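Counting in this note's numbering, the sequence shown runs from -17 upward without gaps.
Glycine included, C-beta positions come from ideal geometry on N, C-alpha and C.
This one's a predicted model, so the numbers in the text were calculated from it and none came from an experiment.
A short write-up of the structure that comes next.
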Amino acid sequence: MSAALIDGKAFAAGLRAKVAEQAATFEQAAERKAGLAVVLVGEDPASQVYVASKAKQTVECGMASFEHRLPEDTAQDVLLALIDALNADPAVDGILVQLPLPKHLDEQAVVTRISPDKDVDGLTPISTGRLALGQPGLVPCTPLGSLMLLKDRLGDLSGLDAVVIGRSILVGKPMAQLLLAENCTVTVAHSRTRDLPEVVRRADIVVAAVGRPEMVRGDWIKPGATVIDVGINRLPPEEGKAKGKLVGDVATAEVLEVAGAVTPVPGGVGPMTIAVLLRNALVAAHRNAGVALADGAL
Ligand code: NAP
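Written as structure tokens, this is what we have:
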């Protein structure tokens, strides 16, 4: 049996098109554009690329982008004052602080300062609590994007066995909550899990968010299972090459022989993350401006 590759790039493009359509409708209703502010502290090259890409896609979707680039040695109180100003700014619907922050800054305190109504990354304690309680709120982008791909592929997830490998605040934990809310039977595995291959073999849905190149092997997978590979790992460069290959947490070629469907790396979950960020910003804009958004529109 050979599995299907789930085309996250195409799905993300479709989601961005819907965001663009709804952003135009929002602008007419609210008489302003929806706005997303991105805060970058320091010179980390990967973060600079992400921030530039987020700003470009925000504008392409017809929303306003506010970029704040602060020097590496920015003091905690200066950063907190910027977040307070963005919280109070009616043109800003979403605030994203690009992580990781330089070591001298208290990441948790900075994230916690973001208004939950503008928390497009879904990482504040209030957003996390709302997700656990099943209340409307903003959900972290990567797990929500992964869930969208799963529902697009499988429809109703009710009663399915799901194994999430990884328990980070950013991916594993919110992913488990989302799957539980879809009535899956959820197991969260981590570095202390005993006999991980055996645990994974039970799963109809496997979400790998570990950060270990190609850890999930073909013989761990139940025939026909759907496998979401969140991992992004760069291998050491081959001789004569400047950059190593990007691989996920799943041995894709092996898993394709057994699974029903697998997300590739790159081109699977990765493109969904920014598309969902734009979606979250527009959902926040509707709530903040008191403009209705049709159920299922985004
Ligand atoms: P993280 O915070 O480092 O968490 C990794 C998790 O994996 C931890 O819960 C850890 O368990 C678990 N783990 C580590 N080794 C393990 C093992 N041998 N067996 C089972 N579990 C193990 O990472 P993250 O932020 O969740 O990110 C995970 C991966 O996703 C990374 O490759 C990251 O680059 C990628 N990512 C991609 C996107 C995207 O847009 N596609 C977004 C975010 C992250 P313990 O808790 O016991 O230590």
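Item                                                                                                                                                                    : Value
My parser needs the beta strand (DSSP E) runs of 3 or more residues fully inside the stretch 46 to 93; what are they?                                                   : 46 to 52, 76 to 79
According to the Cβ coordinates, are residue 145 and residue 181 closer than 8 Å?                                                                                       : yes
Report buried or exposed for residue 253, applying the criterion of at least 16 other Cβ atoms within 10 angstroms of its Cβ.                                           : buried
Quick one: does the C-beta of residue 154 sit closer than 7 Å to a heavy atom of the ligand NAP?                                                                        : yes
Among the candidates 164, 207, 213, 95, whose CA atom is the shortest distance from the CA of residue 150?                                                              : 213
Is any non-hydrogen atom of the ligand NAP found closer than 7 Å to the C-beta of residue 245, if you look at the structure I gave you?                                 : no
Flag this pair as touching only if the stretch 161 to 176 and the stretch 240 to 249 have three or more C-beta atom pairs under 8 Å; answer yes or no.                  : no
Just to confirm the assignment, what range does the beta strand (DSSP E) spanning residue 256 have?                                                                     : Note, residue 256: premise wrong, no beta strand (DSSP E); alpha helix (DSSP H) at 252 to 271.
Quick one: grab the DSSP three-state call for residue 181.                                                                                                              : helix
Output needed for residue 107: all residues of its chain with C-beta closer than 7 Å, excluding positions within five of it in sequence on either side, in chain order. : 94
Quick one: is residue 156 buried, meaning 16 or more other Cβ sit within 10 Å of its Cβ, or exposed?                                                                    : buried
Express the C-alpha separation of residue 52 and residue 22 in angstroms, rounding to a whole number.                                                                   : 6 Å
Are the Cβ atoms of residue 100 and residue 79 separated by less than 8 Å?                                                                                              : no
Can you tell me whether residue -16 is buried or exposed, with buried defined as 16 or more other CB within 10 angstroms of its CB?                                     : exposed
If I measure Cβ to Cβ from residue 131 and keep anything under 8 Å in the same chain, skipping five residues before and after, which residues do I get?                 : -12, -10, -7, 210, 245, 250, 251, 254
My output table needs one value for residue 194: the three-state DSSP class, helix, strand or coil.                                                                     : coil
Which residue comes first and which comes last in the beta strand (DSSP E) that contains residue 175?                                                                   : Segment: none, residue 175 is in no beta strand (DSSP E) and carries neither H nor E.
CB of residue 178 to nearest heavy atom of the ligand NAP: below 7 Å?                                                                                                   : yes
Find the nearest neighbour of residue 59 within the set 97, 72, 88, judged by alpha-carbon distance.                                                                    : 88
Quick one: using the 10 Å Cβ neighbour count with 16 as the cut-off for buried, is residue 137 buried or exposed?                                                       : exposed
Does the stretch -5 to 15 come within contact of the stretch 263 to 275, defined as at least 3 CB pairs closer than 8 Å?                                                : yes
In whole angstroms, what is the alpha-carbon distance linking residue 42 and residue 1?                                                                                 : 10 Å
So residue 68 and residue 92 are in contact, right, with Cβ under 8 Å, and what is the actual spacing, rounded?                                                         : With 8 Å as the limit, residue 68 and residue 92 do not qualify as a contact, their Cβ atoms being about 12 Å apart.
Where DSSP assigns a beta bridge to residue 144, which residues make up the other side?                                                                                 : 168, 187
Is it the case that the CB of residue 147 approaches a heavy atom of the ligand NAP more closely than 7 Å?                                                              : yes
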